[in-house]
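Participant: First to last, the sequence lines map onto chains A and B. Quick note on numbering: the first sequence equals residues 1 to 372 in this note's numbering. Quick note on numbering: the second sequence equals residues 373 to 743 in this note's numbering.
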Amino acid sequence: MSEKVVAMILAGGKGTRLQSLTRKTAKPAVSFASKYRIIDFPLSNCANSDINVVGVLIQYESTELDTYIGNGEKWGLNGVRSKTATLSPRQTEEGSNWYEGTADAITQNIDFLDEYNPQYVLILSGDHIYKTSFKEMIECHENSHADATISVIEVPWEEASRFGIMVCDNNDFVKEFQEKPKKPVSNLASMGIYIFNWKTLRDYLKRDAKKEDSTHDFGNDIIPTMLANNRKLKVYRYKGYWRDVGTLASLHQANMDIARGIDGPDLYDHRHDTVIFTEDTHSVPQYVGPLGSIKNSIANQGSVVLGKAESCVISSDAIIEEYAECINCVIMSGARIKMHAKVKNAIIAPNVVVEAHENINLEGDKIVLVSK
Amino acid sequence: MRKICGFVNLFNSPELGPLTEKRNFGSVTFLGRYGLIDFTLSNFTNSGINRVGIIVNKFPNSIRSHVQNGSAFTINTKTGYLGVLYNEQHERKDTHNDVTTIKATRTHYDIVEDSDYVVIAPAHLLMCMDFYPIIREHIASEKDVTVVYEHRFDLDKEFKGANLLSVGNKKAKFLKKNDQKEKEGFVCLDTYILSRHFFDEILEEHVNINEKYGLNDMIKFMVNKSKKEMNAHEYNGFVLPVTSLDNYIKGSFFLLSYLNRIKLIKDGWPIYTATHNTPPARYGPKANVKNSFIANGSIINGTVENSILSREVIVSQGASVKNSIVFTKTEIAKGASLNFVLTDKTAYIGEKASISGTKKEYFIIKQGAKI
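(1) Quick check: the segment 447-462 of chain B against the segment 418-428 of chain B, are at least 3 beta-carbon pairs closer than 8 Å?
(2) Note down, in chain order, all residues in the segment 237-254 of chain A with a beta-carbon under 7 Å from any beta-carbon belonging to chain B.
(3) Roughly how many angstroms separate the alpha carbons of Glu136/A and Ile195/A, rounded to a whole number?
(4) Taking a cut of 7 Å between CB atoms, which residues from the segment 269-294 of chain A lie near chain B?
(5) With DSSP as the reference, label Leu306/A as helix, strand or coil.
(6) Under 8 Å, Cβ to Cβ, is there at least one residue of chain A near Tyr720/B?
(7) Spell out whether any CB of chain A is found under 8 Å from the CB atom of Leu391/B.
(8) Any contact of the segment 458-469 of chain B with the segment 492-506 of chain B, i.e. 3+ C-beta pairs under 8 Å?
(9) Once DSSP output is grouped into helix, strand and coil, what is the label at His340/A?
(10) According to DSSP, is Val275/A part of a helix, a strand, or is it coil?
(11) Should Ile672/B go down as buried or exposed, given a rule of 16 or more other Cβ atoms within 10 Å for buried?
(12) Skipping 5 residues on each side, what residues in its chain have a beta carbon closer than 8 Å to that of Glu573/B?
(13) Just to confirm the assignment: which complete beta strand (DSSP E) runs, minimum length 3, are found wholly within the segment 23-102 of chain A?
(14) With a threshold of 8 Å, are at least 3 pairs of Cβ atoms found where one atom belongs to the segment 213-231 of chain A and the other to the segment 247-254 of chain A?
(15) Counting only the same chain and skipping the five closest in sequence on each side, list residues whose C-beta sits under 6 Å from that of Val304/A.
(16) State the CB to CB distance for the pair Leu527/B and Asn550/B, rounded to an integer number of angstroms; the pair is presumed to be in contact (CB under 8 Å).
(17) Once the 5 residues before and after Gly334/A are set aside, which same chain residues still bring their CB inside 7 Å of it?
(18) Please report the Cβ distance between His648/B and Thr518/B, rounded to the nearest whole angstrom; I am assuming they are in contact, meaning their Cβ atoms lie under 8 Å.
(19) For Lys211/A, go through chain B and note every residue whose CB falls closer than 9 Å to its CB, in chain order.
(20) What span of residues does the alpha helix (DSSP H) with Gly623/B cover, start to end?
(21) Among all the DSSP beta bridges, which residues are the ones paired with His216/A?
(22) Looking at chain A, which residues of the segment 654-673 of chain B have a Cβ within less than 9 Å of any of its Cβ atoms?
(23) Mind listing the chain D neighbours of Ser133/A? Cutoff is C-beta to C-beta under 9 Å, in chain order.
(24) Tell me whether Val685/B sits in a helix, a strand or coil according to DSSP, three-state version.
(25) List the residues of chain A that Ile427/B touches, going by C-beta distances under 8 Å, in chain order.
(26) Under 8 Å by Cβ, that's how I've got Ser34/A and Gln59/A pegged, so tell me the actual separation to the nearest angstrom.
(27) Which residues in the same chain as Thr702/B place their Cβ atom closer than 6 Å to its Cβ, once the five residues preceding and following it in sequence are excluded?
(28) Please state the DSSP three-state secondary structure of Phe196/A.
(29) Which value, in whole angstroms, describes the spacing of the CA atoms of Ile347/A and Asp203/A?
(30) Closest Cβ-Cβ distance between Thr645/B and chain A: below 8 Å?
(31) Tell me which residues share the same chain as Tyr620/B and place their Cβ nearer than 6 Å to its Cβ, disregarding the 5 neighbours each side in the sequence.
(32) The ligand MG and Asn220/A: does any heavy atom of the ligand fall closer than 7 Å to the residue's C-beta?
(33) What residues from chain A crowd round Gly404/B, counting only those whose CB sits closer than 8 Å?
(34) In its own chain, which residues sit with a C-beta less than 7 Å from the C-beta of Asp213/A, not counting the 5 before and 5 after it?
(35) Is there a C-beta anywhere in chain A that falls below 8 Å from the one on Asn320/B?
(36) Taking Cβ to Cβ, would you say Phe218/A is nearer than 8 Å to Thr132/A?
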């Protein structure tokens, strides 16, 4: 059976900038907003866009992520017409290879895509926080008759030199792609979200695989080659909240956006196709104690607040004991902040114990990671 | 390897006033997160019993929608099975009871299959009971029935109408029902281990003996008739009887205290429940929450004290909820206040409304009410 769109989520990277949070966990599996993991966002977006077949490309610390994704049931992607496959590098007749780049990961799974023979392939990243329906982008791609559509977001001009920048003509077709330009002439940054016509992409992947000097990357190789061949590349201007949570600071900030409820994806819209789906653990109800205080925060079931939490994100089975204080903290599951401890501007890794009377980062504005 | 199946018997469940007017006792929300039936279902799961039937007295849809396909409670979703037994045809007859319900539904064969022992447990006595050692004791006793009882000293206040037992030398006999004249006694916890042949005999003999008899009556009758003794197992753990609306409210607040809570909700003995796609609870800048259970999806921007809030409850700015139990999707608008109130699901408490009951008599707001 052929599908109109198959989504491929790139979730194999290590995410070294998250330090020890990704020592034993792939970045997309890192906890987010107390109940979620980062990959819940792209997977839920797919489900909410009526995309039925999703391949998740995994490599670094793949076991936990693979187990979490399972058959896609958490996102409803296990229905009669849907399929979720975790695609890790495999041994084949030709030998065995790790994924060498984002494009190579897709190349090594051409057989998976051929099975569904889609009209379009949607390439997503497993570590973005945003809530969207891809329907509009798909429509934009179809109407433009382009070979590929690249989702872009306007970034502040002063930050444009940190991104892959798309320079467009008046009709939003790409003229030029500049990777981290010193003097940017556009502020439209590529989000690493692409729609390709499958037949075209398949060709380019095959050719790219044979190039010895290629890094087999969408941004570095596939897009520039398509541009050089005068292929039609459209940009889709994304509006709304979107964050790449690749660093401790950006991960912390995106969590805070949700805790304070001022910015960030609306998790409280209950219409059935706008929910971010995730795992619901069998934890006890969350409890706030007689001396507890919690403001500007979100907390998942199983958490216990006996002390003070202000602007915090508190995961299940995390405990803030009496007289302990947490301000601007992301407290991951099973962490324990003991009596009279004070922590500020921190991410507290899962199952970490902050000892009684300990003070962490009270004066610092820089986000610190508290880990074992 | 002996095979074991279990039944949750909802026929002995009490009425909880307006809470059970339109739903089954087993699906009544508890602690903002559970259904009352979850405790017994979790006892089965945690005891390794994978084939379980729920014998439903009424409102089967509320039970079905709570347990869904059973996957939230079943150890293995293929070899395990969670079935709902309900007898539409007897609904309004005086023979509508647990035995006729089991007999009338083909489902019970799927549950019992080739089991050697059948465990029957109620939903209204909340306990953390491991059936496994009791089953082992039952097998060693070579009796047809093991009855689980508790030695209590408050029978003048609790367990009205429950079966009392005389117990000696690990053997039990039925006495009268509890008329609340004595304080001390051995009360039957409506929990039985039955050997398979005895279970089958009950189903076969029922029509000949008295179709109005329920399972308790049948066990009592057949044990007396054959002059057989029952093996008696004393339960020493904690029992929270939810035998009335008063008890339901009292029990809920009793569990707010951590030291009480760990008697019923223990590490290594998870309470399974239906899963939901609700986001985490959000506490706004004006939230002032003390000594309360808050379920996911709730948005709190007012005062909540000594209260239990279910999923997706909204407490607006300036609103105050004290000593109250609030069911799913209730909204408490700006400046409204609740004190000693129990609101059922999807109620709306309008701006500046002020409702209070007393500790002795809670004010009950019905499902969907707008005030």
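For each residue, glycine too, the CB sits at the ideal point set by N, CA and C.
Facilitator: Reading from the atomic positions:
(1) In short, these stretches touch, since the Cβ pair count reaches three.
(2) Cβ contacts with chain B come from no residue of the segment 237-254 of chain A.
(3) Locating residue 136/A in the first sequence gives position 136, where the first residue counts as 1. Locating residue 195/A in the first sequence gives position 195, where the first residue counts as 1. Taking the straight line from one Cα to the other gives about 12 Å.
(4) Residues are counted here when their Cβ sits less than 7 Å from a Cβ of chain B; for the segment 269-294 of chain A these are Val275, Phe277, Asp280, His282, Val284, Pro285, Gln286, Tyr287, Val288, Gly289, Pro290, Gly292, Ile294, given in chain order.
(5) Here the question's residue 306/A lines up with position 306 in the first sequence. Coil at Leu306/A, not helix or strand.
(6) Your numbering for residue 720/B matches position 348 in the second sequence. Tyr720/B is outside the set of residues whose beta carbon lies under 8 Å from a beta carbon in chain A.
(7) The residue given as residue 391/B occupies position 19 in the second sequence. Chain A contact via Cβ: absent.
(8) Flag = no, the segment 458-469 of chain B and the segment 492-506 of chain B do not touch.
(9) Taking the first sequence and counting its residues from 1, the one referred to as residue 340/A is at position 340. Under the three-state reduction of DSSP, His340/A is assigned to coil, being neither helix nor strand.
(10) Start at 1 with the first residue of the first sequence, and residue 275/A comes out as number 275. Note: Val275/A maps to coil in three-state DSSP.
(11) Mapped onto the second sequence, residue 672/B falls at position 300. Burial call: buried.
(12) For the purposes of this step, residue 573/B is taken as residue 201 along the second sequence, with counting starting at 1. Taken in chain order, the residues that qualify are Met594.
(13) You should have 53-57, 83-87.
(14) No contact exists between the segment 213-231 of chain A and the segment 247-254 of chain A.
(15) Walking along the first sequence from the start, residue 304/A turns up at place 304. Only Tyr287, Ile319 meet the Cβ criterion.
(16) Taking the second sequence and counting its residues from 1, the one referred to as residue 527/B is at position 155. Taking the second sequence and counting its residues from 1, the one referred to as residue 550/B is at position 178. With a Cβ gap of about 5 Å, Leu527/B and Asn550/B count as contacting.
(17) Indexing the first sequence from 1 puts residue 334/A at position 334. Counting only Cβ-Cβ distances below 7 Å, and skipping sequence neighbours, we find Asp317, Ala318, Pro350, Asn351.
(18) Residue numbering aside, residue 648/B sits at position 276 when the second sequence is read from its first letter. Residue numbering aside, residue 518/B sits at position 146 when the second sequence is read from its first letter. With a contact defined as Cβ atoms closer than 8 Å, His648/B and Thr518/B miss out at about 37 Å.
(19) Here the question's residue 211/A lines up with position 211 in the first sequence. Listed along the chain, the chain B residues whose CB falls inside 9 Å of the CB of Lys211/A amount to none; the nearest CB is some 45 Å away.
(20) Residue 623/B sits at position 251 when you count from the first residue of the second sequence. From DSSP, the alpha helix (DSSP H) with Gly623/B extends over 617-626.
(21) Translated into the one-based positions of the first sequence, residue 216/A becomes position 216. In the DSSP output, where bridge partners are listed per residue, His216/A has none listed.
(22) Result list: Arg654, Tyr655, Gly656, Pro657, Lys658, Ala659, Asn660, Val661, Lys662, Asn663, Ser664, Phe665, Ile666, Ala667, Asn668, Gly669, Ile671, Ile672.
(23) The structure shown contains no chain D; its protein chains are A and B.
(24) What you label residue 685/B is simply residue 313 of the second sequence in a count that begins at 1. Coil at Val685/B, not helix or strand.
(25) Locating residue 427/B in the second sequence gives position 55, where the first residue counts as 1. Correct list: empty, because the minimum Cβ distance to chain A is about 24 Å.
(26) Along the first sequence, read from residue 1 onward, the residue named residue 34/A stands at position 34. Along the first sequence, read from residue 1 onward, the residue named residue 59/A stands at position 59. The C-beta separation of Ser34/A from Gln59/A comes to about 27 Å, leaving the pair out of contact by the 8 Å criterion.
(27) For this step, residue 702/B is matched to residue 330 along the second sequence. In its chain, beyond the 5 residues on either side, Val685, Thr715, Ala719 have a beta carbon closer than 6 Å to the beta carbon of Thr702/B.
(28) If you number the first sequence from 1, residue 196/A lands on position 196. Looking at Phe196/A - three-state DSSP - the assignment turns out to be strand.
(29) Looking up residue 347/A in the first sequence gives position 347. Looking up residue 203/A in the first sequence gives position 203. Computed Cα separation, rounded: 44 Å.
(30) By 1-based counting over the second sequence, the position of residue 645/B is 273. At a cut-off of 8 Å, the C-beta of Thr645/B has a neighbouring C-beta in chain A.
(31) Position 248 of the second sequence, counted from the first residue, corresponds to residue 620/B. Excluding its 5 nearest sequence neighbours in each direction, Tyr620/B has C-beta neighbours in its own chain below 6 Å: Leu388, Val614, listed in chain order.
(32) With respect to the ligand MG, the structure shown offers nothing to examine, as it has no ligands at all.
(33) The residue given as residue 404/B occupies position 32 in the second sequence. Ordered by position in chain A, the residues that pass the 8 Å Cβ test against Gly404/B are Pro285.
(34) As a first step, residue 213/A is located in the first sequence; it is residue number 213 there, counting from the start. The answer is none, since no qualifying residue turns up.
(35) What the structure shows of chain B is the stretch from 373 to 743, and residue 320/B is not part of that stretch, so it cannot be assessed.
(36) Position 218 of the first sequence, counted from the first residue, corresponds to residue 218/A. Position 132 of the first sequence, counted from the first residue, corresponds to residue 132/A. No; because the gap between Cβ atoms is not below 8 Å, this pair is not in contact.
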